[in-house]
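Per the numbering used here, the very first residue in the sequence shown carries number 8; after that it's consecutive.
What follows is a short report on a single structure.
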Amino acid sequence: MTTSELVEQELVAHLYAPLDGPDAATALRWIGRFWERCRTQLGMTDPILGADLAAGLPADPAAEPEGALAGLQDPAVRFQVIARREHDVLNLSFAIASPAAVVRDRPRIGAAVPPGWHEYTRWWDKLGGAEPSGLLGGALVYLAKAADPAAAEVRAAVPSRPDDGAGWWSRRGALDDFAAWETTPAGSRPDRRLVLIGAMDQDEPLSRFAWSDGGTALPPLGRYLMHATKLRYQARVLDAGQLRQLRSRLTGRVAEIRDRLRAGGPGEPVDLAAFAADEAELAAALGGLRRMRQSVRIARANMDRSLPVPLPADAEVAEWLTGRIDDDVEYLDATREEAERVEKLVPAQWAPDTAAKPDVEYRVGFGIDVVDYSSRSAPRRREVQRRVAGLVEQVITGLGLPLHDTDRQDAGDGMMVVLPASVPAHLALPKLLHGWRAAMRADNAAHPADRIRLRLSVGSGPFAVAAIGFSDNTIISIGRLLDSSALREAVAAHPDADVVALVTDRTHEDVVGEGYDGLTEDEFRSVDVRVKTFDRKAWLWTGGAGRPAAPAVVAEPEPVRREIFVVHGRDTPASAAVFGLLRSLDLRPLDWEEVVGRTGKPTPYREEVVRAGFAIGPASLVLLTPDDVNGTHPDTLIRAGRALALYPDQTIVVQIGAAGRVTELDGREIVRLDGDSRADREVFVQRVAQRLRIAGFPIDTSGADWLDPARFAGLWGKSPT
């Protein structure tokens with residue numbers, strides 16, 4: 008074999024579909040057809056052995072917990088496909104293995120299929136079909152090994168495509184510890200092709216990086232590509248041209264009015280309705296750009312966490328997109344300010360006698376913003392985002408709506424939500440105000456360590472869809488109220504209120520002024536809101552906070568949840584030490600069998616036990632020891648994997664002893680006992696207590712018993728049983 012010869016050629020594909028938005032339904036149908044073609048064309052009719060996954064896709068992946076949802080393989084284990092939910096993305100990963108894989112017992116993609124990349128690519132093309140996919144994007148990854156990866160002859164080995172970049176084979180880079188090439192040229196295209204070549208002894212690391220470590224979690228390369236795909240999608244949205252057309256149209260209208268003002272008369276009537284519509288659409292586009300800028304920052308940060316150094320093409324897109332958004336925001340802001348100045352100079356008689364009404368719907372919308380969001384640490388901000396997303400869904404459900412029936416524009420610390428036209432304002436307003444107050448009260452009772460407070464604005468009126476987001480004066484008014492100093496000052500003046508709201512004058516008049524049930528006049532106070540050129544009356548609602556209240560029956564306080572589900576293995580001294588620490592912090596630890604009893608079933612499924620355990624308290628704790636990690640007793644690792652897959656942000660992972668690496672935990676800040684000195688044990692105990700407090704447990708650290716490091720003495724160096 009020569010140093011440049013490629014051996015054990017394999018193919019991996021990672022695809023990404025939106026779970027929300029206009030293309031979500033199309034993408035889900037395409038993935039369903041792809042899944043069926045895997046069955047019919049490749050004979051993939053079996054569930055993946057040992058993965059504990061369904062063989063069929065769920066009807067509504069967006070309603071499923073995060074992690075692997077379904078998997079298929081053929082009877083000979085030649086092909087595998089896995090579907091996963093990753094937050095707002097449905098990921099589909101597909102693999103064809105090397106023939107040599109069948110003779111090895113290792114955690115990677117499967118058994119043999121002849122012969123190589125050219126044949127694999129033809130099969131992949133047939134699986135994809137010709138219909139529109141609606142996907143955000145994806146990547147084909149060609150894997151192989153060579154004696155000298157840097158000298159590998161990849162040009163002829165990789166099937167050519169019409170859109171390949173010129174001389175791509177001459178631009179070798181590196182990904183992780185592997186030689187890497189990208190055949191597709193730089194840009195924001197949704198589909199790309201990568202080539203990864205490892206050394207002859209890098210078989211397992213290459214598979215772990217690109218496909219699987221033996222489990223079902225998204226591998227590091229797949230996670231990186233997902234965030235890069237989101238970044239490229241944002242670039243394509245921005246580059247689609249609607250903003251340029253809008254900006255050009257409004258600039259033209261401004262120039263026309265300016266010319267007529269110089270000439271001293273209008274000539275033909277000025278279409279002020281069209282002018283105002285463009286102005287409103289531009290304002291909405293500005294809001295959309297600012298939210299896009301936040302999404303880009305999040306995608307870049309996630310890419311950096313997934314790989315130390317991004318691919319050159321992705322770094323180029325990120326740099327271009329960030330600069331382009333900043334430029335567009337600045338230019339659109341200047342255009343809007345000029346339009347506002349010119350509009351005020353137009354005499355009333357210039358307007359036409361009649362103007363066609365825009366094609367809009369009367370709807371109710373609201374905006375939320377988290378108080379002091381930016382002052383939190385990055386982990387706490389991510390936890391707040393998770394909590395707020397759940398609260399939004401809870402409030403929307405209280406209106407009798409599924410979340411997907413609403414239109415939403417997300418931001419890092421809140422979102423704008425528009426209800427369907429079928430929900431009238433007199434039903435929506437009281438349910439929104441009282442629903443948010445009740446939901447916030449319950450959530451904060453469950454998370455006493457990090458109270459969330461919200462600014463809320465509610466309005467109703469005409470809505471239309473803009474180039475990016477919503478347009479029309481209603482959504483602008485909601486945004487102005489949410490960002491007003493009047494609302495911020497009210498939040499500061501009512502520290503006991505979890506939610507402080509401003510309601511537009513129109514909505515207040517239509518609901519409270521008309522005497523509908525659910526709200527009374529004395530719950531509101533009139534305030535003047537001034538933001539730039541916006542100067543309107545609005546109505547402040549604090550839910551009764553800060554006002555003298557009539558005597559009432561005092562509600563029973565929320566029960567303090569001190570029970571905690573602990574997943575542990577057979578290392579009795581280690582588990583006894585952890586249980587002792589938890590009890591010294593005034594918590595009541597429950598082991599697996601105790602939680603089995605909580606399910607009410609004599610033989611529950613593993614997932615049922617995990618769900619019952621997490622329903623007990625704000626989080627659960629997983630204890631890993633060398634017995635669990637090094638394969639002696641894998642049950643604990645399997646249970647821990649399901650916990651992390653279902654509740655990644657509510658799982659505290661503690662590792663005691665010199666255990667091996669757990670790939671699923673790469674990048675996660677777990678608590679490790681790394682030595683047996685007194686200082687090591689003291690730091691370990693304090694970190695466990697801090698994680699429990701962050702999770703929301705009411706731990707008691709008033710005494711000194713919990714600090715006793717002696718209970719963990721001798722556990723670090725203990726050998727596996």
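For every residue, glycine included, the Cβ atom is placed at its ideal position computed from N, Cα and C.
- As a beta-bridge residue in DSSP terms, residue 204 pairs with 151 and 186.
- Looking only at 292, 320, 641 and 329, the smallest Cα-Cα distance to residue 305 is reached by 329.
- Taking a contact as a CB-CB distance under 8 Å, the pair residue 620 and residue 704 does not count as one, their CB atoms being some 14 Å apart.
- Straight through space, the alpha carbons of residue 187 and residue 180 are spaced by roughly 5 Å.
- The C-beta distance from residue 144 to residue 239 rounds to 6 Å, short enough to meet the 8 Å contact threshold.
- DSSP, reduced to helix, strand and coil, places residue 697 within a helical segment of the structure shown.
- Rounded to whole angstroms, the separation of the alpha carbons of residue 184 and residue 92 is 28 Å.
- For residue 75, the enclosing beta strand (DSSP E) stretches over residues 74-80.
- Beta-bridge pairing by DSSP links residue 571 to 596.
- For residue 450, the enclosing alpha helix (DSSP H) has its first and last residue at 432-453.
- Annotation for residue 536: the continuous beta strand (DSSP E) segment containing it runs 531-538.
- If you draw a straight line from the Cα of residue 159 to the Cα of residue 205, it is about 10 Å long.
- Rounded to whole angstroms, the separation of the alpha carbons of residue 652 and residue 73 is 6 Å.
- Between residue 574 and residue 622, the CB-CB gap reaches or exceeds 8 Å.
- Taking all protein chains in view, the Cβ of residue 518 is crowded by 16 or more other Cβ atoms within 10 Å, so the residue is classified as buried.
- Beta bridge pairing from DSSP links residue 21 with 100 and 146.
- At the C-beta level, residue 42 and residue 140 stay beyond 8 Å of one another.
- Inter-residue distance for residue 511 and residue 584 is about 57 Å (C-alpha atoms, whole angstroms).
- In the structure shown, residue 469 adopts extended strand secondary structure according to DSSP, grouped into three states.
- Residue environment for residue 658: buried (at least 16 other C-beta atoms within 10 angstroms of its C-beta).
- The shortest C-alpha to C-alpha distance from residue 569 to any of 549, 609, 588 and 593 is the one to 593.
- In the structure shown, residue 381 adopts coil according to DSSP, grouped into three states.
- A direct Cα-to-Cα measurement between residue 695 and residue 635 gives close to 19 Å.
- When C-alpha distances from residue 202 are compared across 701, 17 and 643, the shortest belongs to 17.
- The residue from 165, 71 and 62 with its alpha-carbon nearest to that of residue 176 is 165.
- Here residue 576 is not near residue 486, since their CB atoms are 8 Å or more apart.
- Judged by DSSP in its simplified three-state form, residue 542 adopts strand.
- The criterion of a C-beta distance shorter than 8 Å is satisfied by residue 75 and residue 60.
- By alpha-carbon distance to residue 123, the top candidate from 392, 263, 14 and 531 is 14.
- In this structure residue 443 touches residue 506 by the C-beta definition: roughly 5 Å separates them, less than 8 Å.
- Around the beta-carbon of residue 94, fewer than 16 other beta-carbon atoms lie within 10 Å, marking it exposed.
- About 20 Å separates the beta carbon of residue 675 from that of residue 456, a gap too long to meet the 8 Å contact definition.
- In the DSSP assignment, residue 482 falls within the unbroken alpha helix (DSSP H) covering 480-489.
- Sorting 385, 77 and 230 by C-alpha distance to the C-alpha of residue 314 places 230 at the top.
- The distance from the Cβ of residue 62 to that of residue 77 is about 7 Å, consistent with a contact at the 8 Å cut-off.
- For residue 645, the enclosing alpha helix (DSSP H) stretches over residues 642-653.
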